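Residue numbers for the sequence shown, in my numbering: 2 to 491.
Structure record follows, encoded as structure tokens.
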Amino acid sequence: MAEIALDKLLYRLLCGTPGEFRFSPGPVPSGEVIFPDPVSVYVHIPFCHSLCPFCPYTKMLYEAGLAAHYSHALEVEARRVLADLDGKKISSVYFGGGTPLTLLDSVESVLALMSGHLTSGAEVAVEVHPHDINPAAVERLALAGVNMVSLGVESLDNAVLAGIGRNHSAEDALSALHTLMDCGRFSINVDLMTGILGQSRESAVSDMLMLMKSGVDQVSTYPLMDFAFTRMKTRLSLLEQYRLLRDLASAAEHAGYLRTSVWTWTKPGSRKYSSITREDYVGIGAGAASHLGRCFWVNTFDVGAYVDAVDGAHPGDCARGTVVVGDRSACSMERPAIAGGEPNGFTERAAIVLNNLAGSDGIPAVAGDSLTVAEREAAVAEAADSERVSPVAVSILMDDRQSALYRLFWRCYEGEFDLDSREALAVPILRRLVRVAEALRLVARSSSTVRLTERGFFMYHLLERYYTRKYIGTLWRHCRESAFPREIVL
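Structure (structure tokens):
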């Protein structure tokens, strides 16, 4: 009860009124959505070859039939987003999951669609699993325009990896890392987990230092997060969490790495890799979130419902499965024969598009070699232009102060913010709170720049874990329980 009372008090102090975050079903009114120039894009690919018990994100086991439907839907939604941009540019593209390289063809296809819309020097990033990395895959990523890669290592202790349900070894992870580094065309981040069963503070620090000695551009040391719907929970006391974060920070500093967020350490001169601190971004795919101006929305977590919505079917026309219950046999589509044998990625998806359209829009399903590549491209484009049934599950139109706090939250995640920034000026009490934080040695101020101290980073670590559990975890729980929830109040 004390935690709830403190939370409500903090909300009232910062927002100026008692209240809550109220999410409505479906998208925000179209007139409220304003795309900045440039904008960031997040693309979610939910499929995995094995499911990790600690992962809270939208995911399901790979199934070829559903994956083909999803690939098509992803491209259709990408085309719609590009049309909505109306000539505006994209400064970064981030593929997350799930395991994005389960659909490497889709990564290539979506990037091909976006290639003409990217700014010069745009960041193109993808998360990868050690088992997905080999010279051929690395070459395909580089040719597609990927320039940043995040490798999920999690631990360099095989017993710890087995304990958290990872299906790779430390040797697999290091081999994948060397393959990526040998390519020489990527900025590389490595993800490690902390606070997990069987891991000591010393081994967590040792893992980080071993990776830093390899020369990777960034190491992220994410703590295990407690979600109500995941099986694994953190086992560290507050004191143990403090000592771990302190030792990681000290070791990273001595290794010559800079702290670029509460849990990430970046080599000087390297690009910082992050999927969550973008100012404005639009999400594509099941479970993808978007934040543009005061608008925030989340696509349905249900992979089947997402495909139905993007394809223009009524939600529920196909059976759901796993995230997602049952199967999609009711809407399975036969693959048309393509001249020359097995279809390649694009022609197969274009044929699926034609079969989707056949009968509903008066376009016949044409098999064999009767379609040119241009005609198949036109079919995908027509699907993108067809009448929409929105894949958005819930959305919120924040007021100015809520929006400012959202942005400030992520500036603090990076370790500093500007008191003269627009978002800071939108919160009148912030300067008084900063003075209190200075007295408690949580922050240090230089002119208008406010930086978190080591103590401040630990307090943010606790705050972020609390708000992740209370707000993000609750929102995701509702979205997991229903493809299109009713109103959600946080």
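Where is the CB? At the ideal position from N, CA and C, for every residue including glycine.
None of these values were measured; they are calculated from a predicted model.
Can you name, in chain order, every residue of its own chain whose Cβ lies under 6 Å from the Cβ of residue i, other than the five neighbours on each side?
{"i": "L102", "result": "V129, D133"}
{"i": "P37", "result": "D281"}
What distance in whole Å lies between the Cβ atoms of residue j and residue i, which are believed to be in contact at a cut-off of 8 Å?
{"i": "I91", "j": "A123", "result": "6 Å"}
{"i": "Y282", "j": "V42", "result": "6 Å"}
{"i": "V220", "j": "M213", "result": "6 Å"}
{"i": "N190", "j": "D173", "result": "Not a contact, Cβ separation roughly 18 Å."}
{"i": "E155", "j": "M194", "result": "5 Å"}
{"i": "Q242", "j": "H462", "result": "7 Å"}
{"i": "S396", "j": "G27", "result": "7 Å"}
{"i": "L492", "j": "L246", "result": "Residue 492 lies beyond the stretch modelled for the chain, which goes from 2 to 491, so this question has no answer here."}
Whole angstroms is fine: what's the gap from residue i's alpha carbon to residue j's?
{"i": "P47", "j": "A287", "result": "7 Å"}
{"i": "S251", "j": "R408", "result": "28 Å"}
{"i": "E455", "j": "A484", "result": "41 Å"}
{"i": "E482", "j": "A394", "result": "12 Å"}
{"i": "F230", "j": "S448", "result": "44 Å"}
{"i": "I430", "j": "A289", "result": "33 Å"}
{"i": "P30", "j": "A425", "result": "27 Å"}
{"i": "G216", "j": "A171", "result": "17 Å"}
{"i": "A68", "j": "V40", "result": "27 Å"}
{"i": "L114", "j": "T180", "result": "27 Å"}
{"i": "P365", "j": "D309", "result": "Legend: pLDDT at P365 = 36, less than 50; position of this residue unreliable, value from coordinates given subsequently. Looking at the two C-alpha atoms, the distance is approximately 20 Å."}
{"i": "A359", "j": "A74", "result": "Summary for A359: the model assigns pLDDT 38, below 50, so the residue's position carries little reliability, and this model does not support an answer."}
{"i": "F22", "j": "E488", "result": "11 Å"}
{"i": "G97", "j": "V428", "result": "32 Å"}
{"i": "Y58", "j": "L144", "result": "28 Å"}
{"i": "L86", "j": "V147", "result": "21 Å"}
{"i": "M460", "j": "D248", "result": "16 Å"}
{"i": "T222", "j": "L476", "result": "25 Å"}
{"i": "Y502", "j": "L491", "result": "Limits of the chain in this structure are 2 at one end and 491 at the other, which puts residue 502 out of reach."}
Per the DSSP calculation, residue i is bridged to which residue(s)?
{"i": "W266", "result": "V220, R260"}
{"i": "S404", "result": "S404 is not bridged to any residue."}
{"i": "T195", "result": "P224"}
{"i": "P26", "result": "V395"}
{"i": "S291", "result": "W298"}
{"i": "I489", "result": "F24"}
{"i": "S188", "result": "M149"}
{"i": "E155", "result": "L193"}
{"i": "E417", "result": "R452"}
{"i": "Y282", "result": "S41, H292"}
Who are the Cβ neighbours of residue i in its own chain at under 7 Å, not counting the five residues just before and after it?
{"i": "M211", "result": "L157"}
{"i": "M233", "result": "P54, F55, I165, L225"}
{"i": "T450", "result": "E417, D419"}
{"i": "L300", "result": "Note on identity: in this sequence residue 300 is Asn, with Leu being the wrong assignment. G284, G286, A287, G288, A289, Y307, P392, V393, A394, listed in sequence order."}
{"i": "R478", "result": "A229, F230"}
{"i": "A138", "result": "L102, L105"}
Which residues in the same chain as residue i place their Cβ atom closer than 8 Å to its Cβ, once the five residues preceding and following it in sequence are excluded?
{"i": "V82", "result": "V42, V283, I285"}
{"i": "E439", "result": "A445, R446"}
- Task: Within the stretch 419-474, note down every full beta strand (DSSP E) run reaching 3 residues or more, in order along the chain.
- Result: 444-447, 450-453
- Message: Please give me, in chain order, every unbroken run of the beta strand (DSSP E) with length at least 3 that falls completely inside the stretch 82-142.
- Response: 91-98, 119-129
- Task: Note down, one range per segment and in chain order, each beta strand (DSSP E) of at least 3 residues found wholly within the stretch 20-81.
- Result: 23-26, 40-46
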